[in-house]
Every structure is written in C-alpha cells, then in structure tokens.
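Only one structure is covered here, and it is reproduced in the block below.
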Amino acid sequence: MQQKRNKGLVPAGRILALSLGMALLFAGCGQKGKPATSQMTSQEESVATSSTETKENTKEASLHIMAATDPIYDFAKAIGGDRVAVTDLIEGEADEHHWEPSPQLLTQINDSELFLVSGAGLENWLDDVKASLTDKVKVLDMSEGVKLVKAEEHEEEHEHEHEHEDADASHDEHEEHEHHHHHGIYDPHYWLSPKAAAKQAENVYKAMVAADPAGKETYDANYKKVQAEFDRLNKAYEEKLKPFAGRSVIVPHEAFGYLFDEYQLKQVGLEGMLAEGQPDAKKLAQIVDLAKKEGIKTIFYEAYGDDKEADAIAKEIGAKTAPIYTLEAESKEDREKGENYFTFMMKNLDAIVASFGGK
Ligand SMILES: [Zn+2]
C-alpha cells in the first residue's frame, strides 16, 4: 500500500512554499523507495534492440541517463539498448504531481551524464535540484519543440476566464505568480499525445547522440524502430477514434488535453490538472447526466490509484470502471511483464473506444 499516491498528504502548493530541504522531509510519504537501474525486460528489448546482451552493468555503460519521467525512461531504454544505463527518477507508482527528490537521488543524478526532464512545468522542483547539481550532468528539457498549450485551455473550470481577458492583462504578474504555485503556465501532459511524445523521443535520441557520438549507429538503428512504433500508434489512434469525434471521456484527472485535442474528444476530469480536488455534488450530477446522455459505458480511474469516485458514478449509470494510464507512473511489476509507453497507450486506446460502446 505504500505505493499509493500520496495526494492529500502533500498538497503541491505547500511543497512549493517550502524550501527544498524542508520538502525533502515529506518526500518519503508516497515515494516508492529507491530507484534501481534496471535491466531491460525481454519485451522492452523487442522494441529496443535485437541484441541479447542485456547483462552489461551500469559501470560499463557508455552513457548514464537519469530519466525524470516514465515515457522518457522508456524511450531512452529503447533507443539506447545495452549501450546505456537508464535510471528512472520516480520509480514505481508515485505520481509526478506529488513527489520530491531525496538526497540519495541528488547523488544519483550527479552520477549521470544526462538528466532528461519532461519540462513544461512538470518538474516543479527542478530549480531547487539544479542548484545541487555539478557541471558534469547535463540537464535537458525534452519538451523542446513541442507545441505547448496553456493549462487554462485544458481546464474546464477556467473557461470563464477567457471572457475577461482585459481584466486579466492588468494582473499578469499576479496571475503568473499564482499559476506557478497552482501549476505551471502550461499543461505538462503532452506525452499522452503520440505526436508530441514522438517529438519527445526525438529529443531523447538527439541528446543521446550528442552526449555519446560513438554510439550513433546503435542509437540510429533503435530510434528507427521507435519511430515505426509511433507510426503504428498514431495510425491506430486515428482510425479507432475517428468515429467518436466530439464525444466525452470521463477521466480521473485532466491529463488528456493534448491527446483529446488531437482526436477531437472532450475530457471531463474528476480531478483537476494536478490530480487535486474532488468533484462536488453538483459536478457529480453533471457528470452523471452527461454520461447518460452520451451513453458512456466506462468511468475511468487512475491506474494504480483507487476507483472510489469512478465507482460511485459507474454504479449510478450502470457503467463499469476501468483503469487509464496517464504514464505518470509505471509499476515495476508491469514493466517486468514487458509493458512500456506503447503498450500502455494501446491499452488506453482500447479502453477509450470501449467507453463509447465501441470495440
Ligand atoms: Zn497529471
């Protein structure tokens, strides 16, 4: 149970108000122990490389990468194959929005050549951490070149704000300040869009080639396979979601803005963008109405989280609940079974299609 998300225990706003040192005290609450530099599982390997040499140890690797998120971890492993040692910064089921690095992790980051972060405001602890890093480790933002969307455009509650743009303009400074504490200016969940994630994977590839030019041949070959996976993924999403354009999906938190923009779907979040807040009675009633009206068959809960809220709604409308992956967490068990970015994204697609009564 230790791996349960720690929302509620550590409000993100409060963490940000604390100094890093103070925040570190809280880090243990929901974090799932130390990360291990893991070897590839056989299925990851099939995405990554055909080599059977997977026993290379961390010290012998040509490149050491600290991956700040699970998609970055998956892409770096797939592209790097045996040549790189990739460490997952937030291993296990702790989610990205409620997490702070421990002092041991700072040491591990410092032992890497590359520290690849997702950016777009996801790592709200990054400035503090950077201050503790040596020049040896290169911190690179993997959102570069991704067309980011402002958080408020992906949030239902903020729709009214667009009507008051003049008034907002005079409070710009204050607004930005507020947003930094609430969440970043941008919606950070771009990796759930296959197109934006493909850009992220490209950034990972380029970072690896730049840091280890001798490995270019390996990285090129593996990156080609990753690109082919993205082509398949994109095609599947396009084909399967086309008939359902305009429909709503009831999601656990507002993480699906980029994905749904791309395929003309609408997200109705039980919780907000930072997986915070809970629907009140009025919101719940609206969700139930919408679900009935649109014939929604599945209410989603956060994979690795609990399904209480989703279950209450599902019972009311005779729907069922199912997990959906925000890719903010991947369990060790799932990874050992060979799951990765692409398999989770396909599970999500099938589940979304099923939620409309399709197959
Ligand atoms: Zn999120």
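All the letters of the sequence shown, read from the start, carry residue numbers 530 to 888 under my numbering.
No residue lacks a Cβ here, since even glycine has one placed at the ideal position from N, Cα and C.
Any non-hydrogen atom of ligand 1 closer than 7 Å to THR598 Cβ: Along the sequence shown, read from residue 1 onward, the residue named residue 598 stands at position 69. Checking the Cβ of THR598 against ligand 1 gives no.
Three-state secondary structure assigned by DSSP to ILE825: Reading the sequence shown from its first residue, position 296 is the one you call residue 825. Coil.
Same chain, Cβ closer than 7 Å to ALA784, five either side skipped, listed in chain order: By 1-based counting over the sequence shown, the position of residue 784 is 255. So the qualifying residues of the chain are HIS718, LEU721, THR855.
Check: HIS683 C-beta below 7 Å from any heavy atom of ligand 1: The sequence position of residue 683 within the sequence shown is 154, counting from 1. HIS683: no, Cβ never under 7 Å from ligand 1.
Unbroken stretches of the beta strand (DSSP E), 3 residues or longer, contained in the stretch 824 to 855: 827 to 831, 849 to 853
Reference THR636; option with closest CA among ILE714, GLN756, VAL658, TRP628: The sequence position of residue 636 within the sequence shown is 107, counting from 1. Considering only alpha carbons, the answer is VAL658.
Top-ranked residue by Cα proximity to ILE619, from PHE829, ALA883, GLU652: Residue 619 sits at position 90 when you count from the first residue of the sequence shown. Distances from the CA of ILE619 to each of PHE829, ALA883, GLU652 were compared; the closest alpha carbon is that of GLU652.
Secondary structure of LEU645, DSSP reduced to three states: Taking the first residue of the sequence shown as position 1, residue 645 is located at position 116. DSSP, reduced to helix, strand and coil, places LEU645 within a strand of the structure shown.
Reduced DSSP category for ALA590 - H, G, I as helix; E, B as strand; rest coil: Within the sequence shown, numbered from 1, the residue matching residue 590 stands at position 61. Three-state DSSP puts ALA590 in coil, outside helix and strand.
Coil, strand or helix - THR598 by DSSP: On the sequence shown, residue 598 is found 69 positions in, with the first residue counted as 1. In this structure, THR598 counts as coil in the three-state DSSP scheme.
According to DSSP, residues forming a beta bridge with TYR715: Residue numbering aside, residue 715 sits at position 186 when the sequence shown is read from its first letter. Answer is LYS679, bridged to TYR715.
Neighbour-count burial assignment, SER777, 16 or more Cβ in a 10 Å radius: Here residue 777 refers to the residue found at position 248 of the sequence shown. When all chains shown are included, SER777 counts as buried.
Inter-residue Cα distance where the pair is THR747 and GLY806: On the sequence shown, residue 747 is found 218 positions in, with the first residue counted as 1. On the sequence shown, residue 806 is found 277 positions in, with the first residue counted as 1. Cα to Cα, THR747 sits roughly 45 Å from GLY806.
Close Cβ partners of LEU878 (< 7 Å) along its chain, the five nearest in sequence each way excluded: Position 349 of the sequence shown, counted from the first residue, corresponds to residue 878. Taken in chain order, the residues that qualify are ALA765, TYR766, LYS769.
For ALA883, three-class secondary structure by DSSP: Looking up residue 883 in the sequence shown gives position 354. Three-state DSSP puts ALA883 in a helix.
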